[in-house]
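**Q** I'd like to ask some things about the structure below.
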Amino acid sequence: MLWQALTLQLGYNATLVAIGATLLGISAGVTGTFLFLRKRALVSDAISHATLPGVCLAFMALVAFGGDGRNLIGLLAGSALSAWVGLLCMNWLTRHTRLAEDAAIGAVLSVFFGFGVVLLTVIQSMGVGRQAGLEGFLLGSTAGMLWADALVIAVGGAATLALVMIIRRPMMMVAFDPEYAVARGLPMHRIDLMMMGLVMAVTVVGLKIVGLILIVALLIIPPVTARFWTDRSDRVVVLAGLVGGLAGYLGAALSASAPNLPTGPIIVLVSFGFFALSWLLAPVRGVLAAVLRHLRFQRRVHIRQGLLALAQGQKIYEPLTIRLLCRAGVVRADGVATEAGKACAAKALRDEKRWEIVRADQAHEATAALYDGLRDIETVLTRDQIAEIDRRIGGPQEVTS
Amino acid sequence: MLELATVQGVSVEEQGVDYSPLAIRGLTVSYGQKPAVFSVDMAVQPGAMTAIIGPNGAGKSTLLKAALGIVSPLSGLVTVFGQPLEDQRARIAYVPQRASVDWDFPTRVIDVVLMGLSRQLGLLGRVRARHMARAMDCLNRVGMREFSDRQIGQLSGGQQQRVFLARALAQDADLYLLDEPFAGVDAATEKAIIAVLKSLKEAGKTVVVVHHDLATVTDYFDHVFLINTRKVAEGPVAQAFTAETLQAAYGGRLATAQIDQISRALG
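Protein sequences, first through last, are from chains A and B. 0 is the number of the first residue of the first sequence in numbering that gives the first Met the number 0; add one for each residue after it. 0 is the number of the first residue of the second sequence in numbering that gives the first Met the number 0; add one for each residue after it.
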């Protein structure tokens, strides 16, 4: 079943949903990256919740004028309008009152969503037979997706993507260094507003598939996931698009492969899966890599301390140090240093003395800054420099014990 | 421009002020009800290095930010090379305080410097070999060439500051405004930065620096601008940077011993 879903062999509707979800995932991931890098991730949550009153009002208007209350373009236009109003409210609150952005987000999100829920209730009591389905905008509903719906998503997603590509440089400059961007003459507030307008477009386009409550996940999880793998913003953008698209495709296929699996939430869970894997396994920023790095560092510290203690004839108490020295062949099981171990210890002590000279000497200032107690002095000084330092220290010393 | 000048009744002597690289008149900036900068006039000397000096919280950075439109002033007029600021943006290079950005941002040293070339790159233009060459050249001038591929978070504070300077150099501006470039940097960086700034001056550029280290003022700068919310003094170092003006700017915040030391250094 899953294989058939993955290869788009589960019928017309499933195929439409899979293609739509992939396109939505790509544009949400790419657009969301800029929001994430601007540290405005939660703004998207307020924007998406602010779509609900618009959907309801558009439905009421469509019915009142005798149209089809479920006309997707009409409903999306309504949602865009109320999301835009919500966005402007939020902007105004942050810029012209003493409210911080998080408070403004909370206020707009809850008020607009609350108003939307009231309107939903009103619509249900209106007795218009065809209102069923509006709740689908909360969590997305793909069951009755039409060719026209898929087309709306495809065109909307592609247009958003194109706009993002056009203004990516100004958006990135504002995200990294807003003061510099303003000093260069970039209209920061307008760029921010455009960015949020694009987020709004993605939200509106995604209402049908993932719904307004979960769209924030598709905007935020892909860039956060991508960030684990690269230190370059352009690559974060591309990777986030990939992760989003893949999550959309796999999620849609998974949900089609069994009855009664909701598409939107499954897509979100799949993208979370990508996030969790990246968090664990990413080579530099991942958790495992960090733990390994820490353990390696700890081992180096212990060995170094152990060698210095040996060289100075002190007793080593820490079991871990002894174990590590033993494994390195520096000491025997009974704690007595081997010949090779004695040589290593002498070298460690000598390096420490060399470092002392380096750190006391104004001429070696740049090198001295690299001192961390572990670094081999050969990696930072030339043979000649070391020889010069050795002349100052005097001849090698015998290690006893 | 002439009409504008007559409307405001600017005298002939002030015509010079009008063509200053950065002229500020009656600038007041306030956070809430407390003015950070109050009715300040400033006329930056062309082709010189000017230090903006004053105690903590005296409005040094605010003055610079207001001059650039980063914070909006309550009142005041800013002209750049005698023209409105907006028309002259391309001739200004700004180096913000290092602490003003998130250094964990996913970007490399070279990408930051390329931001200085955003005007040449435009919205959709590809980064070409000549852009890269220019960016690398600017990194070279601040001694950071080998670091071009590093993620910016891996740099030391001094190196980060030099990257910011390289980005400003890439703009090839005529007026350079730097906000505390020497704050918390190592001695090597300070030397590298001052060498670059002096080379800019020799090339006829104008440099304005928000500065906090009184001990180096006479070595580094030609002109000073002393501020403590209001303007205290402005002019060549020999005339404006004296025990009296420092006393006036810093009040009790500067120990008498420090002032004596500086006056002695000044001769």
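Built from N, CA and C at the ideal position, the CB exists for glycine as well. Computed from a predicted model, the values in this text were never measured in an experiment.
(1) Pull up the CB-CB distance for A:Asp-176 and B:Pro-95, whole angstroms please, since I reckon it's below 8 Å.
(2) Who are the Cβ neighbours of A:Met-0 in its own chain at under 6 Å, not counting the five residues just before and after it?
(3) Mind checking which residues open and close the alpha helix (DSSP H) that includes A:Met-195?
(4) Which whole-angstrom value is the C-beta distance of B:Ala-248 and B:Pro-54, which I expect to be below 8 Å?
(5) List, in order along the chain, the chain A residues whose C-beta lies closer than 7 Å to that of B:Gly-68?
(6) So with Cβ pairs under 8 Å, would you call B:Val-112 a contact of chain D?
(7) So for B:Phe-80, helix, strand or coil by DSSP?
(8) Less than 8 Å separating the beta-carbons of A:Met-144 and A:Phe-33?
(9) Count the other CB atoms within 10 Å of the CB of B:Glu-12; is the residue buried (16 or more) or exposed (fewer)?
(10) Is the shortest distance between the beta-carbon of A:Leu-241 and the beta-carbons of chain B less than 8 Å?
(11) Is there contact here, the segment 45-61 of chain B with the segment 108-121 of chain B, by at least three beta-carbon pairs under 8 Å?
(12) Give a yes or no on whether the minimum CB-CB distance between B:Leu-123 and chain A is below 8 Å.
(13) What residues from chain A crowd round B:Val-100, counting only those whose CB sits closer than 9 Å?
(14) Consider the Cβ of A:Thr-378: report whether some Cβ of chain B lies at a distance smaller than 8 Å.
(15) Just confirm the distance between the C-beta atoms of A:Gly-210 and A:Gly-263, as a whole number of angstroms; I'd bet it's less than 8 Å.
(16) Helix, strand or coil, according to DSSP, for A:Lys-38 in the structure here?
(17) So B:Phe-240 contacts chain A; which residues on that side make the cut at Cβ distance below 9 Å?
(18) Could you tell me the distance, in whole angstroms, from the CA atom of A:Phe-271 to the CA atom of A:Thr-50?
(19) Could you have a look at A:His-293 and say whether DSSP puts it in helix, strand or coil?
(20) What do you reckon, are the CB atoms on B:Ile-151 and A:Glu-178 nearer than 8 Å?
(21) Count the other CB atoms within 10 Å of the CB of B:Ser-71; is the residue buried (16 or more) or exposed (fewer)?
(22) Nearest CA to the CA of A:Ile-46: which residue from A:Phe-112, A:Asp-333, A:Pro-258?
(23) Quick one: measure Cβ to Cβ for B:Phe-224 and B:Met-41, integer angstroms, because I've assumed they're closer than 8 Å.
(24) What does the Cβ neighbour count give for A:Ile-165, buried or exposed, with the cut at 16 atoms within 10 Å?
(25) From this set, A:Met-187, A:Leu-61, A:Gly-196, which residue's C-alpha is nearest A:Ala-158's C-alpha?
(26) Compare the Cα-Cα distances from A:Gly-86 to each of A:Leu-71, A:Asn-70, A:Ala-106 and report the closest residue.
(27) So, with DSSP's three-state summary, where would you put B:Asp-218?
(28) Within 8 Å (strictly less), CB to CB, does A:Met-144 reach chain B?
(29) Nearest CA to the CA of A:Ala-332: which residue from A:Arg-234, A:Ala-345, A:Ala-342, A:Pro-318?
**A** In short:
(1) One-based indexing of the first sequence puts residue 176 of chain A at position 177. One-based indexing of the second sequence puts residue 95 of chain B at position 96. Contact flag correct, Cβ pair sits at about 7 Å.
(2) Within the first sequence, numbered from 1, the residue matching residue 0 of chain A stands at position 1. Within the same chain, A:Met-0 has close Cβ partners Ser-256.
(3) Sequence index remark: in the first sequence, residue 195 of chain A carries index 196 (1-based). First-last of the alpha helix (DSSP H) with A:Met-195: 187-205.
(4) Locating residue 248 of chain B in the second sequence gives position 249, counting from the first residue. Locating residue 54 of chain B in the second sequence gives position 55, counting from the first residue. So it is a contact: roughly 7 Å between Cβ atoms.
(5) The residue given as residue 68 of chain B occupies position 69 in the second sequence. In chain order: Val-181.
(6) Absent here is chain D; the protein component of the structure consists of chains A and B.
(7) Within the second sequence, numbered from 1, the residue matching residue 80 of chain B stands at position 81. DSSP, reduced to helix, strand and coil, places B:Phe-80 outside both helices and strands of the structure shown, so it counts as coil.
(8) Residue numbering aside, residue 144 of chain A sits at position 145 when the first sequence is read from its first letter. Residue numbering aside, residue 33 of chain A sits at position 34 when the first sequence is read from its first letter. Taking 8 Å as the Cβ cut-off, A:Met-144 and A:Phe-33 do not qualify as a contacting pair.
(9) Position 13 of the second sequence, counting from 1, holds the residue named residue 12 of chain B. Because B:Glu-12 carries a pLDDT of 45, less than 50, the predicted location of this residue cannot be relied on, and no value is offered for it.
(10) On the first sequence, residue 241 of chain A is found 242 positions in, with the first residue counted as 1. Residue-level contact check: A:Leu-241 does not touch chain B, since none of the beta carbons of chain B fall below 8 Å from its beta carbon.
(11) Fewer than three pairs of CB atoms, one per stretch, sit closer than 8 Å, so the segment 45-61 of chain B makes no contact with the segment 108-121 of chain B.
(12) In the second sequence, counting from the first residue as 1, residue 123 of chain B sits at position 124. B:Leu-123 counts as touching chain A.
(13) Here residue 100 of chain B corresponds to residue number 101 of the second sequence, with the count starting at 1. The contacting residues are Phe-175, Asp-176, Pro-177, Glu-178, Tyr-179.
(14) To locate residue 378 of chain A, count along the first sequence from 1; it is residue 379. Chain B contact via Cβ: absent.
(15) Within the first sequence, numbered from 1, the residue matching residue 210 of chain A stands at position 211. Within the first sequence, numbered from 1, the residue matching residue 263 of chain A stands at position 264. A:Gly-210 to A:Gly-263, Cβ: 5 Å. Contact.
(16) By one-based count along the first sequence, residue 38 of chain A stands at place 39. Of the three classes helix, strand and coil, the one that applies to A:Lys-38 here is coil, per DSSP.
(17) Here residue 240 of chain B refers to the residue found at position 241 when the second sequence is read from its first residue. The premise fails here: B:Phe-240 is roughly 27 Å from chain A at the closest Cβ pair, so nothing lies under 9 Å.
(18) Working through the first sequence from its first residue, we reach residue 271 of chain A at position 272. Working through the first sequence from its first residue, we reach residue 50 of chain A at position 51. One C-alpha to the other measures close to 24 Å.
(19) Locating residue 293 of chain A in the first sequence gives position 294, where the first residue counts as 1. A:His-293 falls in the helix class under three-state DSSP.
(20) By one-based count along the second sequence, residue 151 of chain B stands at place 152. By one-based count along the first sequence, residue 178 of chain A stands at place 179. No.
(21) In the second sequence, residue 71 of chain B corresponds to position 72, counting from 1. Exposed, by the Cβ-count rule.
(22) If you number the first sequence from 1, residue 46 of chain A lands on position 47. The closest CA to that of A:Ile-46, considering only A:Phe-112, A:Asp-333, A:Pro-258, is found on A:Phe-112.
(23) Locating residue 224 of chain B in the second sequence gives position 225, where the first residue counts as 1. Locating residue 41 of chain B in the second sequence gives position 42, where the first residue counts as 1. For a cut-off of 8 Å, the C-beta gap from B:Phe-224 to B:Met-41 is around 6 Å, short enough to register as a contact.
(24) Along the first sequence, one-based indexing puts residue 165 of chain A at 166. Label assigned to A:Ile-165: exposed.
(25) Indexing the first sequence from 1 puts residue 158 of chain A at position 159. Just measuring C-alpha positions, the residue of A:Met-187, A:Leu-61, A:Gly-196 sitting nearest A:Ala-158 is A:Gly-196.
(26) Within the first sequence, the letter at position 87 stands for residue 86 of chain A. This sequence places Leu at residue 86 of chain A; Gly is not what is there. The shortest C-alpha to C-alpha distance from A:Leu-86 to any of A:Leu-71, A:Asn-70, A:Ala-106 is the one to A:Ala-106.
(27) The residue labelled residue 218 of chain B in the question sits at position 219 within the second sequence. Helix, per DSSP.
(28) For the purposes of this step, residue 144 of chain A is taken as residue 145 along the first sequence, with counting starting at 1. Chain B, which has no Cβ nearer than 8 Å to the Cβ of A:Met-144, makes this no.
(29) The residue given as residue 332 of chain A occupies position 333 in the first sequence. When only C-alpha atoms are compared, the closest one is A:Pro-318.
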